[in-house]
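In my numbering, the protein residues as written are 401 to 546. All C-beta atoms in this analysis are idealised placements derived from N, C-alpha and C, irrespective of residue type, glycine included.
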Amino acid sequence: MNQPSSVREDPQSVPLVLTSDRVLYLAMEFGTAAHSCCCGCGTDVYTPLTPTDWSMTYDGETVSLNPSVGNWHQKCRSHYVIRKGKVIEAGPWSDEQVASERERDRAAKERHYGKPAAKAVERPTPEPAESVGIWSGIKRLLSRWI
Ligand SMILES: [Zn+2]
């Protein structure tokens with residue numbers, strides 16, 4: 401799957417309000433959603449929307465992402481659930497739990513796609529460090545509408 405250089409920069413990205421200070425961007429073109437890490441560290445978090453990765457639900461008012469988001473390869477190692485527009489802390493995972501989840505993910509992809517996954521999707525995938533922050537992305541989006 402093509403990884404967008406910045407979902408927020410993509411004019412087709414749809415910003416969906418999570419909470420008063422959080423936005424989840426939906427980029428249908430890239431089949432992914434993106435948000436700024438909910439721990440507040442500023443890392444951009446990508447959650448590919450595929451049958452074996454994440455699914456997103458919008459009920460007309462709130463957004464949910466399933467399953468939980470685990471930022472295991474980030475310094476923060478945050479783990480949370482986004483349910484009905486709320487961020488729910490999900491607690492830390494041990495390295496063994498992370499390895500077990502990666503194996504479950506690999507097996508799920510193999511079952512779904514019918515062949516060994518060439519490379520497990522690292523999730524979430526951060527943008528390069530020099531990329532723009534989420535607020536400049538939001539400002540840019542808003543400036544198009546004003
Ligand atoms: Zn974080």
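- Per DSSP, residue 489 lies in no alpha helix (DSSP H) segment; the continuous beta strand (DSSP E) that holds it begins and ends at 486-489.
- Judged by DSSP in its simplified three-state form, residue 464 adopts strand.
- Between the C-alpha atoms of residue 447 and residue 437 there is a straight-line separation of about 11 Å.
- Less than 7 Å separates the beta-carbon of residue 498 from that of residue 472.
- Residues lining ligand 1 by the Cβ criterion, that is a Cβ closer than 6 Å to any of its heavy atoms, are 437, 439, 441, 443, 471, 474, 476, 478 in chain order.
- Residue range 479-483 is occupied by the beta strand (DSSP E) that includes residue 479.
- Annotated three-state conformation of residue 413 is coil, per DSSP.
- Considering only 507, 496, 457, the residue with the shortest C-alpha distance to residue 425 is 457.
- Between the alpha carbons of residue 427 and residue 495 lies a gap of roughly 31 Å.
- Cβ-Cβ distances below 8 Å link residue 451 to 512 in the same chain, with the five nearest sequence neighbours on each side left out; the list follows chain order.
- Rounded to the nearest whole angstrom, the C-alpha separation of residue 431 and residue 493 is 27 Å.
- Cα atoms of residue 502 and residue 453: separation of roughly 11 Å, rounded to the nearest angstrom.
- Taking residue 477 as the centre and dropping the five residues before and after it, the same chain places the C-beta of 471, 492 closer than 7 Å to its C-beta, in chain order.
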